Amino acid sequence: MKRAGFTMIELIFVIVILGILAAVAIPKLAATRTDASVSKMASNLATVLSDVGAKFTAAGTLTGNWTDFTNVKLDTTAAGGTAATTFASGTAVYLNAGLTAAKGCFTIAATSDGNVTITGLSAATDPVCAGAHAAAIANNIILTVGTAKVHEFGGASVTY
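First residue of the sequence shown? That's 112 in this note's numbering, and the numbers climb one at a time after it.
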């Protein structure tokens, strides 16, 4: 006698195996997305610092808009939502993660004489912020979370 289909037991085994594979794969996928977001945040922070330094080096001063300095999206508040455009010497802007309600990861403030102050926000509870803070500390962009670090591209302490 010739069989044309699968038995119920064979179908159940296939479904169980697919369920086990899904249970293993889904958490790995979520972790990979978080790692990618951390990498993007760390790269954006380094890009802002580099772009502001290049702008100061080229112009000798920082004036204009943040969008003249960098293409990285900066916000006017830690909650995000409003893009920072106009540059005001010493006024902080925020680099936000945007995955949870506590979005703000870093504040960035620059002065017209070329000094850039970066602070990792200690109130940031987002896992992307935590990973980006660790990367920023490892790359000497910030010293510790909650402590401002000044990067000097100009000013009185730089000799030409």
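For each residue, glycine too, the CB sits at the ideal point set by N, CA and C. All values reported here derive from a predicted model rather than from experimental measurement.
In the DSSP output, what is residue i paired with across the bridge?
i      : result
Glu263 : Asn226
Asp186 : Ala194 and Tyr205
Gly215 : Asn207
Ala221 : Val227
Starting from the Cα of residue i, find the closest Cα among the options and give me that residue.
i      : options                           : result
Tyr205 : Leu173, Ala234, Gly171 and Thr172 : Ala234
Val227 : Ala147, Ala136, Ile128 and Gly164 : Gly164
Asp237 : Lys214, Ser154 and Val261         : Lys214
Thr230 : Cys216, Gly242, Val239 and Ala241 : Cys216
His244 : Lys166, Phe264, Phe180 and Thr218 : Thr218
Phe167 : Thr181, Leu185, Phe124 and Ala134 : Thr181
Below 8 Å on the Cβ atoms is my contact criterion, and I expect residue i with residue j to pass it. Report the Cβ-Cβ distance as a whole number of Å.
i      : j      : result
Leu232 : Ala190 : About 12 Å separates the two Cβ atoms, so there is no contact after all.
Ala194 : Ala220 : With a Cβ gap of about 17 Å, Ala194 and Ala220 do not count as contacting.
Leu160 : Ile252 : 6 Å
I'd like to check one pair, residue j with residue i: are the Cβ atoms closer than 8 Å?
i      : j      : result
Ala208 : Met152 : yes
Ala246 : Val149 : yes
Thr187 : Ser223 : no
Asn176 : Thr196 : yes
Can you determine whether any heavy atom of the ligand PLP sits closer than 7 Å to the C-beta of residue i, and answer yes or no?
i      : result
Asn251 : The model on display carries no ligand, and the ligand PLP is accordingly not part of it.
Give the list of continuous alpha helix (DSSP H) stretches no shorter than 4 residues that lie fully inside the region 117-178.
119-170
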